[in-house]
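With my numbering as the guide, the letters of the sequence shown map in order to residues 1167 to 1544.
Structure, as structure tokens:
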Amino acid sequence: MANKGLAKAPEDTCILVTGGAGFIGSHTCVELLNNGYRVVIIDDLSNSSEVAVKRVRRITGVTDDRLRFYQNTLLDRAAVERVFDENDIDAIIHFAGFKAVGESVHKPLEYYWNNLTGTLVLCDVARNHGCKNLVFSSSATVYGEPERIPIDEDCEKHQATNPYGQTKTMLEQILTDLYVGDNEWDIVLLRYFNPIGAHESGLIGEDPKGIPNNLLPYVAQVAIGKLEKVHVFGDDYDTPDGTGVRDYIHVVDLARGHVSALNWMAGRVGTGKATTRGTIAGEPAADGTRRGVGIFNLGTGKGSSVLDVIRAFEKACGHEIPYVIEPRREGDVAACYAAVDKARDELGWTAQYDMERMCQDSWRWQTMNPDGYASATE
Ligand code: WQD
């Protein structure tokens, strides 16, 4: 079935957000609804809460069926069919997937099955319903140990050090091959750096299960007294203060990057001609929308060390945060941050918020929701 273009007003456009109850997904739903899109969420709630969906309604004031929620896994083909039968989906933003680096090493079969098969079912059902527009939640992890920093989209991709990272690399290839085999597909691969922070309302935020693997939620839980001290994994890297350097990006900036990606797909922004740096860009179709594979880093272009983050969070919470230096964590790279000119020039998108704002918003979420969504009903 031919692909429906995206060159319609947002109010006439329905976006399926897989994993839309999750950390980045829920923030993206807020931005989509604020821009007038209709939104359908499919989420199995394996690593999220329906409370987040209710909070999206509170933040946006959307209480009707401009926002719909289906609690299903993408592995349930009949359920995915029903979503497409009941909604006229124009494009997909695909977040759903397992994402814990450490866990993936011990559960490779679960990660490959869930992340790869779920995506294949999604694309097959979408194609059969004439929907071939997909924005994929990829990750800077596909670069592995970077050839150069800042990392640009042409940087060589290296072997991921874990099954989670492998699924991102594999899915980028699968989605690229969909376009190569059928030029009606329009794909955008968004490579996130380190998303942190929370919506300014404090109503939605990062809610990791158990002990956080990532730095920011761990620091936040030390700051609120749930954990004793931060364990800093190594202070002997070749970086300004010896601790690891990353490109932390506010989750709201990241969410807005997805709206910009939809505008790019619809031909509303960008030069229209084939771009360089990793993109396989076809010419815009007759209806003005694009076909091709757009690849974009979503980062700030600025590196911050572990100690920078701790200091910024101390400023946000108003008290000292204890930490201890530990040996390096296996698989970590010294430094990783993005070249951001392509997203600026092609998507017309640039991250707006700095580390101070990221920590302020994260602290507000943490203090308003000390147990995340667990003890909340709405
Ligand atoms: C950041 C820095 C650690 C925890 C991961 C995934 C990546 C992406 C983002 C999904 C590093 C240090 C951390 C701690 C520490 N996720 N650290 N103590 O590893 O850059 O990226 O999350 O796409 O795929 O790999 O993020 O927050 O785990 O680590 O010192 O308790 O903080 O060494 O320098 P990372 P992170």
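No residue lacks a Cβ here, since even glycine has one placed at the ideal position from N, Cα and C.
TODO: Inspect the beta-carbon positions of residue 1364 and residue 1299 and report whether they are closer than 9 Å.
DONE: no
- [ ] For the alpha helix (DSSP H) holding residue 1523, just list the boundary residues, first then last.
- [x] 1521-1534
Task: Distance cut-off 8 Å: residue 1380 Cβ against heavy atoms of ligand 1 - done: yes
Open item on the list: Let me check understanding here. Comparing Cα to Cα, which of 1215, 1427, 1392 and 1353 lies closest to residue 1169?
Closed with: 1353
TODO: Put residue 1370 into one of helix, strand or coil per three-state DSSP.
DONE: coil
Task: Backbone CA spacing between residue 1497 and residue 1490 [nearest angstrom] - done: 20 Å
Task: Residue range of the unbroken alpha helix (DSSP H) whose run includes residue 1345 - done: 1329-1347
Open item on the list: Checking the sheet assignment: what are the DSSP bridge partners for residue 1446?
Closed with: 1459
Task: Proximity test, residue 1334 beta-carbon vs ligand 1 heavy atom, cut-off 8 Å - done: yes
- [ ] Leaving aside the five residues before and after residue 1180 along the sequence, list all residues of the same chain whose C-beta is less than 7 Å from its C-beta, in chain order.
- [x] 1204, 1206, 1253, 1254, 1255 and 1256
Task: Straight-line Cα distance separating residue 1304 from residue 1355 - done: 6 Å
Open item on the list: Out of 1243, 1522 and 1215, which one is the CA nearest neighbour of residue 1280?
Closed with: 1243
- [ ] Would you mind stating whether residue 1420 and residue 1229 have Cβ atoms separated by less than 9 Å?
- [x] no
TODO: Quick one: using the 10 Å Cβ neighbour count with 16 as the cut-off for buried, is residue 1534 buried or exposed?
DONE: exposed
- [ ] Could you tell me if the beta carbon of residue 1490 falls within a distance shorter than 8 Å of some heavy atom in ligand 3?
- [x] Absence of ligand 3 is noted for the structure shown, with ligand 1 being the only ligands found.
Task: residue 1492: first and last residue of the uninterrupted beta strand (DSSP E) it sits in - done: 1489-1492
- [ ] Use the C-beta contact count for residue 1294: other C-beta atoms within 10 angstroms, 16 or more gives buried, fewer gives exposed.
- [x] exposed
Open item on the list: For residue 1343 and residue 1310, what's the separation of their Cα atoms in angstroms?
Closed with: 22 Å
- [ ] Compute the minimum distance between the beta carbon of residue 1360 and the heavy atoms of ligand 1, and state whether it is under 8 Å.
- [x] yes
Open item on the list: Given this structure, state the Cα-to-Cα distance separating residue 1227 from residue 1200, to the nearest angstrom.
Closed with: 9 Å
Open item on the list: Is the beta carbon of residue 1331 closer than 9 Å to that of residue 1260?
Closed with: no
Open item on the list: Excluding the 5 residues flanking residue 1285 on each side, which residues of the same chain have their C-beta closer than 6 Å to its C-beta?
Closed with: 1337
Task: Distance, residue 1197 Cα to residue 1440 Cα - done: Because the pLDDT at residue 1440 is just 45, under 50, the model does not fix this residue reliably, and the value given afterwards should be weighed accordingly. When rounded, the distance between both Cα atoms is 28 Å.
Open item on the list: Quick check: does the Cβ of residue 1272 come within less than 8 Å of any heavy atom belonging to ligand 1?
Closed with: no
TODO: Report all residues from its chain with a CB closer than 7 Å to the CB of residue 1442; omit the five preceding and five following residues, and keep chain order.
DONE: At residue 1442 the pLDDT is 46, less than 50, meaning the model places this residue with poor confidence; the figure from the coordinates comes in the next sentence. Once the five neighbours on either side are set aside, residue 1442 has no close Cβ partner at all.
Task: residue 1226, enclosing alpha helix (DSSP H) - first and last residue - done: 1216-1226
Open item on the list: What does the alpha-carbon distance come out to for the pair residue 1249 and residue 1385?
Closed with: 39 Å
- [ ] Could you check if residue 1292 is buried or exposed, using at least 16 other CB atoms within 10 Å of its CB as the buried criterion?
- [x] buried
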